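**Q** This is the structure I have questions about; it appears just below.
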Amino acid sequence: MKYTLLALLFTLSLLTKAQSQMDVLHYRFEIALNDLNDSIVGTAYIKLKTPKSDSLLAFDLSSINAETGKGMLVTSVAHSGNPSNILFPTIHPYSHSSSKLIIRGWKDRNSSDTLNIMIRYRGIPADGLIISKSKFGRRTFFSDNWPDRARQWIPTNDIPGDKASVEFIVTAPSHYKVVSNGVLSGETSLGNGSTVTHWKEEKPLPTKIMVIGVADFSIDTSGIVDGIPVTSWVFPENAKEGFRDYAPAKDILKFFIDYIGPYPYKKLANVQSKTTFGGMENASAIFYYENSVTGEQQEEGLIAHEVAHQWFGDMVTEKNYSHLWLSEGFATQLKHYYLEKRHGFKRARIDLEEDRDQVIAFVATSNRTVVDSISTFKQLLNANSYQKGGWILHMLRRKVGDDVYRNIIREFYAAYASKNADTRDFQAIAEKVYGRKLDVFFQQWLYSPGIPKLDLRWKYDGSKKEFVLVVTQLQSNPFEFPLELSLSVGNGKKITKRLDISRARQEFRIPISSTVHRVIADPNTSLLFQGNVSKLP
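Numbering (the working numbering), first residue to last: 27 to 563.
What follows is the structure in structure tokens.
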């Protein structure tokens, strides 16, 4: 038993090493769908590089579950050393179990060799490709890969750190329309009731956002923004409402192009779907939950969040999910910024205060940090990654100023577009643009748990004409931050004071000639904190 366990651990370490060192350059997926059952037939052509020392290749692909019968059955694996040889004449041995497809025995190749693998398979997806019915009873097929569910229906190196270009060639009954990443390369009727649709994306993507959507769609072009067609794909029964609801995407796209930089893809499709989540930021083909369509344009914030992801999450992708906030926090903050500029800070303040409440509730029961290598992938869909991440960027913006903050965002994007980044990479860019070290800021907000929990007690000492404030941080790890106060004095006048907080307990005495009647902490919604303000006896 001991030796079996050691052998298993050794094998797992080899597989992990092989996948971490593998660099997939391009995926080509040929997928056949039908209306008779939920089985799919697939062929994957994978172009990759891997170190010469690796004697095996490992791909993620769910194997057949004996109880449910769902999963994928690999029927053949072939390879060719010639990238132009699509016939793949060399059949190769493989094993497929425990959701790992292992191809062994690579010999006599240079470290610079490009490998071309062909994998034929079939089966019923247990997840990843959601085969279901719309709320109108029509059959639909929508892939939903986050965080690591691409393996449920396509063979991949299913990690965010290995990005590749992708194309989907989908054969489906002709009454369907097919949407995917990239540009439409062609549609061909086979004359037997089926149509082949070919989409191709040249930019490298993480597997989490490589998707297809197959359904009965009504399609509308809401406009062209800097040469980018912005379209809406909605269920026919919702055509009028959906075209209206997704129309704001055009103005949102223009806003982020002006603020961040050129849009990285060649189209923006907004798709009503059967996604597991409220929205999924698939590159150039955003999937929204089907009830996002009401005709009332109630999801402007959701659309802004998902469009912002096209830059952060899609083009700039976290190296691993420990740094998920670089995706979700960025999209959250950029959404708030868009709403602020479009509707005024009053609207943004409402959202920021709601987000702050969610963070307060989360940290009351969790000691997880934002950069989190402990939680499971799905546990990372929490207020740390979204609301706290957005708040951290909001506070960074307030700290460095709007112009510097925008330059930080733009330079970070320019440096890591089509690549992967982690929190240290972002910090380095922020410090470079700001011209000062930000170690304390990043350490306390991203690598330490919780938020400031403040007890603020004050009085006005009339004899000395002083405003007295005692600030106590109740959490175990004191933070350093600026605290703004709005003081209401005589004749309805308000005075704003900014105090630098850095210790567990601090007392301030501020000369003020008029009696202070009321104190409001953080009047401009600049600080993520939980606090109580009361008068000293």
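Glycine is no exception: its CB is placed at the ideal position from the N, C-alpha and C atoms.
For clarity, every value in this text was computed on a predicted model and none was experimentally measured.
Buried or exposed for E213, please, with buried defined as at least 16 other CB atoms from any protein chain shown within 10 angstroms of its CB.
**A** Taking the first residue of the sequence shown as position 1, residue 213 is located at position 187. Exposed, since its Cβ has fewer than 16 Cβ neighbours within 10 Å.
**Q** Bridge partners of S121, per DSSP?
**A** Mapped onto the sequence shown, residue 121 falls at position 95. Its beta-bridge partners are I128.
**Q** Taking the CB atoms as reference points, tell me whether L500 and K520 lie closer together than 7 Å.
**A** On the sequence shown, position 474 is the one that residue 500 refers to. On the sequence shown, position 494 is the one that residue 520 refers to. The answer is no: Cβ separation not under 7 Å.
**Q** Would you kindly check if the distance between the Cβ of F55 and the Cβ of I180 is under 7 Å?
**A** Taking the first residue of the sequence shown as 1, we reach residue 180 at position 154. Taking the first residue of the sequence shown as 1, we reach residue 55 at position 29. Yes; because the gap between Cβ atoms is below 7 Å, this pair is in contact.
**Q** Please report the straight-line C-alpha distance between H118 and E228, rounded to a whole angstrom.
**A** As a working mapping, residue 118 is identified with position 92 in the sequence shown. As a working mapping, residue 228 is identified with position 202 in the sequence shown. Those two C-alpha atoms are separated by around 28 Å.
**Q** Check each candidate in K414, E193, K280 and name the one with the smallest Cα separation from K367.
**A** As a working note, residue 367 is residue 341 in the sequence shown. When only C-alpha atoms are compared, the closest one is K280.
**Q** Just checking my contact of T395 with S502 at CB under 8 Å: how many whole Å lie between their CB atoms?
**A** For this step, residue 395 is matched to residue 369 along the sequence shown. For this step, residue 502 is matched to residue 476 along the sequence shown. Between S502 and T395 the Cβ distance is about 14 Å, and since that is not below 8 Å, they are no contact.
**Q** Starting from the C-beta of S399, find all residues in its chain whose C-beta is less than 6 Å away, skip the five residues before and the five after it, and write them out in chain order.
**A** By one-based count along the sequence shown, residue 399 stands at place 373. Excluding sequence neighbours, S399 sits near S348.
**Q** Pick out whichever of F507, N517, P537 has its Cα sitting closest to the Cα of D526.
**A** What you label residue 526 is simply residue 500 of the sequence shown in a count that begins at 1. The shortest C-alpha separation from D526 is found at F507.
**Q** For the beta strand (DSSP E) containing H201, name the first residue and the last one.
**A** The sequence position of residue 201 within the sequence shown is 175, counting from 1. Where H201 is concerned, there is no enclosing beta strand (DSSP E), given that its DSSP letter is neither H nor E.
**Q** Using three-state DSSP, classify L554 as helix, strand or coil.
**A** On the sequence shown, residue 554 is found 528 positions in, with the first residue counted as 1. Correct three-state label for L554: coil.
**Q** Rounded to whole angstroms, what is the Cα-Cα separation between G268 and A295?
**A** Mapped onto the sequence shown, residue 268 falls at position 242. Mapped onto the sequence shown, residue 295 falls at position 269. Each residue's Cα considered, the two are about 12 Å apart.
**Q** To the nearest angstrom, report how far apart L378 and K523 are at their CA atoms.
**A** Locating residue 378 in the sequence shown gives position 352, where the first residue counts as 1. Locating residue 523 in the sequence shown gives position 497, where the first residue counts as 1. C-alpha separation (whole angstroms): 22 Å.
**Q** Confirm, please, whether the CB-CB distance from R146 to T116 is below 7 Å.
**A** Mapped onto the sequence shown, residue 116 falls at position 90. Mapped onto the sequence shown, residue 146 falls at position 120. Cβ atoms of T116 and R146: not closer than 7 Å.
**Q** What is the DSSP secondary structure of F243, reduced to helix, strand or coil?
**A** As a first step, residue 243 is located in the sequence shown; it is residue number 217 there, counting from the start. Here F243 sits in coil by DSSP.
**Q** If you run the structure through DSSP and keep just helix, strand and coil, what is F256?
**A** Within the sequence shown, the letter at position 230 stands for residue 256. Looking at the sequence shown, residue 256 is not Phe but Val. In this structure, V256 counts as strand in the three-state DSSP scheme.
**Q** Do the segment 227–242 and the segment 201–208 make contact, defined as three or more Cβ pairs closer than 8 Å?
**A** Touching, per the Cβ criterion.
**Q** Am I right that P199 and S220 are in contact with their C-beta atoms under 8 Å? What's the rounded C-beta distance?
**A** Working through the sequence shown from its first residue, we reach residue 199 at position 173. Working through the sequence shown from its first residue, we reach residue 220 at position 194. Yes, they are in contact, since the Cβ atoms of P199 and S220 sit about 6 Å apart, within 8 Å.
**Q** Quick check for students: name the residue ranges of the alpha helix (DSSP H) that lie wholly in the segment 312–380, counting only runs of 4 or more.
**A** Runs found: 326–335, 351–369.
**Q** With a cut-off of 8 Å, do at least 3 Cβ pairs link the segment 534–545 to the segment 444–462?
**A** Contact fails: fewer than three Cβ-Cβ distances are below 8 Å.
**Q** Tell me, please, which residues DSSP counts as bridged to M306.
**A** Counting from 1 along the sequence shown, the entry for residue 306 is found at position 280. Note: M306 sits in a beta bridge opposite F313.
**Q** Can L562 be considered in contact with the ligand ADP, in the sense that its beta carbon sits closer than 6 Å to one or more heavy atoms?
**A** Summarising the ligand content, the structure contains no ligands, and the ligand ADP is consequently not present.
**Q** Would you mind working out which of G163, D174, A104 sits nearest M144, comparing C-alpha positions?
**A** On the sequence shown, residue 144 is found 118 positions in, with the first residue counted as 1. M144 has its Cα closest to that of A104, out of G163, D174, A104.
**Q** Let's test the definition: count the other Cβ atoms within 10 Å of the Cβ of V466 and tell me whether it reaches 16, buried, or not, exposed.
**A** Along the sequence shown, one-based indexing puts residue 466 at 440. Looking at its Cβ environment, which holds fewer than 16 other Cβ atoms inside 10 Å, V466 is exposed.
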